[in-house]
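Asks: Here it is, the structure, as structure tokens.
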Amino acid sequence: MAILNLKNREIECKIVYYGPGRSGKTTNLEHIFKAFQKHVKGEMVSIDTEGDRTLFFDFLPFGVGKIKGCDVRVQLYTVPGQVQYSSTRKLVLKGVDGLVFVADSLEVRRKKNMISLKDLQQNLKDYGTNIFEVPLVLQFNKRDLAEQGIPLMSTEDMERDLNRQLKAPIFSASAVSGDGVGQTLTECLKLTLQSLQRQFNWAE
Amino acid sequence: MDTESLIKSLLKEAELYQSQGLLDDAKQKYDNAAALIEKNPELENRQDLLDTVSEKIGALGSDIDKVEKASKSPELSAKVQDLIKNLFAFSDEKDKDETELEGAIALAKFGQFDAALAEFNELIKRDSLRVVAAKNILRCHIANASLDDAVAQYGQWLSSDIVFSSQQLESIRIFLQGILDRKRIDKRLPSVVSSTHFEAVVTPSHVEEEISEDEEFLDITLIGIRPKAGRLIELDVNFQRGNTISVLIPGRDKDSINRVEVGLKLDDVECSSAFAVFMASGTVIEKTRIDTGAKRGDYRVEIKIESA
């Protein structure tokens, strides 16, 4: 949950990267860490296991700078995507202010995307949050693999699978090369701050 | 696509999935390729191809095995443990006790049982947290697969009357005995109050009252209620002291806010804890609108769970 100190004009909010295992959530954060060094406010912490799979979470403190006179800081997290880490995902999701759902564009991962989105919806519901009301951005990752002749889903098909009802903003991306990573985060930040403005009128 | 091209395509996909860490998908593609090679005896170098693919499948199988067998809760560095404590304690910073308790619970939830035990062993020294810290110490031992340690710990507390009152010890005994019973472990924990004395001074109805008044309740994480026989409302438990739980209802959920009134009796409260889901009844004892902070506009509702 966001921490607002209106007296000192400070906001700290939490953005979580969600999605199926190996969809590129950690790679998103790694790119942010490298490409936006000026904004990074500390070390990136990754707690992973065999085969570089996220075990608990990744964490990256990020500073946006002054917006409407407020110093905006963001805690960026990823969740472990593997199905068996359900309770950890739920724990990391607690108090979330904005979400990036990183979907895998590979055709073979179609079902995993849908299962993960359903899992997100359920976990948010358990916290009394409606997925339609939380600031959410979808990222269709690994679009670069099309060049290698690997079967990818079309963005239209992915939109039909994942975004027919949500109508969330979508970004095609390649987290490995960094394409679309910044745009995804920027949009999510924008939606999150707008949502916090509706709740707390912080920009007054 | 001719057979040879199809096999090449499958192998290419398999290699890419492997490089992406999608081990099951990679293995599936190699399996498909192997089946196709088997089915086509006219293929040039068929046996060599089969051998190569089999080798890849074998290596993948062992990688998958390694991933599955990897520790689910490795011991993390002290620095990361501190980070977990800070990041996953959500209470108002002003409530030091609650914040520290949440930090210790977070460590346990991330499988850092030794560190969590160290924290709980400090918190147990504080009167307001003594029982809840004790129960969490027992829970850490149990989660760490050492039920014997939990029983031994209780025995240690029992033989030392410095820290706990006899009422607190009895509460802890009931809590641990409940876990042992649910696990069908045939062990009776000694009580600080001798059974004859206990039976002599309290009637069965008093025993029940003691049970519900005291803090033997499991930590409830989620409740489901149907106030006024309406739709089911599921609420995350924000905080629990004994048999009183505190939940938050978002301000936008007007329907739920209107249906939950102070004094309302709830007959079927579905309580979920780490160990079990159980039905209880309860009474709404407080409903307060939050006027400051991140949860402004939401309602904090306290429910006393009366029988389980």
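For the protein sequence lines, the chains are A and B, in the order given. Counting from 84, one number per residue, gives the positions in the first sequence under our numbering. Counting from 11, one number per residue, gives the positions in the second sequence under our numbering. We treat Cβ as the ideally placed atom computed from N, Cα and C, and that holds for glycine.
(1) Give the C-beta separation of residue 181 of chain A and residue 98 of chain A to the nearest angstrom, bearing in mind that I take them to be a contact with Cβ-Cβ under 8 angstroms.
(2) Please confirm if residue 123 of chain B has its CB atom under 8 angstroms from at least one CB of chain A.
(3) Express the C-alpha separation of residue 143 of chain B and residue 135 of chain B in angstroms, rounding to a whole number.
(4) For residue 210 of chain B, which residues of its own chain have a beta-carbon under 6 angstroms away from its beta-carbon, when the five flanking residues on both sides are left out?
(5) Quick check: what's the CA-CA separation for residue 234 of chain A versus residue 125 of chain A?
(6) Alpha carbon to alpha carbon, how far is residue 68 of chain B from residue 132 of chain A?
(7) So residue 178 of chain A contacts chain B; which residues on that side make the cut at Cβ distance below 7 angstroms?
(8) Taking contact to mean at least 3 C-beta pairs separated by less than 8 angstroms, is the stretch 153 to 163 of chain B in contact with the stretch 208 to 218 of chain A?
(9) Counting only runs of 3+ residues fully inside the stretch 155 to 200 of chain A, write out the beta strand (DSSP E) ranges in chain order.
(10) Would you mind giving the Cβ-Cβ distance between residue 187 of chain A and residue 225 of chain A, rounded to the nearest angstrom? I have them listed as a contact below 8 angstroms.
(11) Could you tell me the distance, in whole angstroms, from the CA atom of residue 59 of chain B to the CA atom of residue 74 of chain B?
(12) Does the contact criterion of 3 or more C-beta pairs under 8 angstroms hold for the stretch 83 to 94 of chain B versus the stretch 42 to 51 of chain B?
(13) Using a Cβ-Cβ cut-off of 6 angstroms (strictly less than) and excluding sequence neighbours within five positions of residue 236 of chain B, which residues of its own chain qualify?
(14) Grab the span of the alpha helix (DSSP H) containing residue 304 of chain A for me, first residue to last.
(15) Would you please verify whether the beta carbon of residue 117 of chain B is less than 8 angstroms from any beta carbon of chain A?
(16) If residue 258 of chain B sits next to residue 310 of chain B, beta carbons under 8 angstroms apart, how far is it from one beta carbon to the other, in whole angstroms?
(17) Which ranges would you report for the alpha helix (DSSP H) in the stretch 65 to 102 of chain B if only whole runs of at least 4 residues count?
(18) Quick one, which of A/227, A/196, A/256 has its alpha-carbon nearest residue 111 of chain A's?
(19) Of the residues A/143, A/260, A/197, which one's Cα is nearest the Cα of residue 248 of chain A?
(20) Pop quiz: residue 147 of chain B and residue 163 of chain B are said to be a contact at Cβ under 8 angstroms. What is the actual Cβ separation, rounded to whole angstroms?
(21) Terminal residues of the continuous beta strand (DSSP E) containing residue 87 of chain A?
(22) Hey, does residue 77 of chain B have any beta-carbon neighbour from chain A nearer than 8 angstroms?
(23) Please classify residue 268 of chain B: does DSSP put it in a helix, a strand, or coil?
Replies: Taking the coordinates as given:
(1) Locating residue 181 of chain A in the first sequence gives position 98, where the first residue counts as 1. Locating residue 98 of chain A in the first sequence gives position 15, where the first residue counts as 1. At roughly 4 angstroms, the Cβ-Cβ gap stays under 8 angstroms, so residue 181 of chain A and residue 98 of chain A are in contact.
(2) The residue given as residue 123 of chain B occupies position 113 in the second sequence. No, because no Cβ of chain A sits closer than 8 angstroms to the Cβ of residue 123 of chain B.
(3) Taking the second sequence and counting its residues from 1, one reaches residue 135 of chain B at position 125. Taking the second sequence and counting its residues from 1, one reaches residue 143 of chain B at position 133. Near 9 angstroms, if we compare the C-alpha coordinates of residue 143 of chain B and residue 135 of chain B.
(4) Taking the first residue of the second sequence as position 1, residue 210 of chain B is located at position 200. For residue 210 of chain B, the predicted model reports a pLDDT of 33, less than 50, meaning its position is unreliable and no value from the coordinates is stated.
(5) The count along the first sequence starts at 1 and reaches residue 234 of chain A at position 151. The count along the first sequence starts at 1 and reaches residue 125 of chain A at position 42. In a straight line, the C-alpha of residue 234 of chain A is about 38 angstroms away from that of residue 125 of chain A.
(6) Residue 68 of chain B sits at position 58 when you count from the first residue of the second sequence. Residue 132 of chain A sits at position 49 when you count from the first residue of the first sequence. Answer to the nearest angstrom: the Cα atoms are 21 angstroms apart.
(7) Here residue 178 of chain A refers to the residue found at position 95 of the first sequence. Correct list: 100.
(8) Segment contact: the stretch 153 to 163 of chain B against the stretch 208 to 218 of chain A, fewer than three CB-CB distances shorter than 8 angstroms; contact not assigned.
(9) The qualifying runs are 181 to 187.
(10) Position 104 of the first sequence, counting from 1, holds the residue named residue 187 of chain A. Position 142 of the first sequence, counting from 1, holds the residue named residue 225 of chain A. Contact holds; Cβ gap of about 6 angstroms.
(11) Residue numbering aside, residue 59 of chain B sits at position 49 when the second sequence is read from its first letter. Residue numbering aside, residue 74 of chain B sits at position 64 when the second sequence is read from its first letter. Looking at the two C-alpha atoms, the distance is approximately 22 angstroms.
(12) No, because fewer than three Cβ pairs between the stretch 83 to 94 of chain B and the stretch 42 to 51 of chain B fall closer than 8 angstroms, the two stretches do not touch.
(13) Position 226 of the second sequence holds residue 236 of chain B. Result list for residue 236 of chain B: 242, in chain order.
(14) This structure cannot settle anything about residue 304 of chain A, because the visible part of chain A is limited to 84 through 287.
(15) By 1-based counting over the second sequence, the position of residue 117 of chain B is 107. No, its Cβ sits nowhere closer than 8 angstroms to a Cβ of chain A.
(16) In the second sequence, residue 258 of chain B corresponds to position 248, counting from 1. In the second sequence, residue 310 of chain B corresponds to position 300, counting from 1. That pair is a contact at about 6 angstroms.
(17) 88 to 97
(18) Counting from 1 along the first sequence, the entry for residue 111 of chain A is found at position 28. Checked all of A/227, A/196, A/256; the closest Cα to residue 111 of chain A is A/256.
(19) Working through the first sequence from its first residue, we reach residue 248 of chain A at position 165. Closest by alpha carbon: A/197.
(20) Position 137 of the second sequence, counted from the start, is the residue given in the question as residue 147 of chain B. Position 153 of the second sequence, counted from the start, is the residue given in the question as residue 163 of chain B. At roughly 6 angstroms, the Cβ-Cβ gap stays under 8 angstroms, so residue 147 of chain B and residue 163 of chain B are in contact.
(21) To locate residue 87 of chain A, count along the first sequence from 1; it is residue 4. Per DSSP, residue 87 of chain A belongs to the beta strand (DSSP E) from 86 to 88.
(22) Within the second sequence, numbered from 1, the residue matching residue 77 of chain B stands at position 67. Interface residue, yes.
(23) Here residue 268 of chain B refers to the residue found at position 258 of the second sequence. Helix at residue 268 of chain B.
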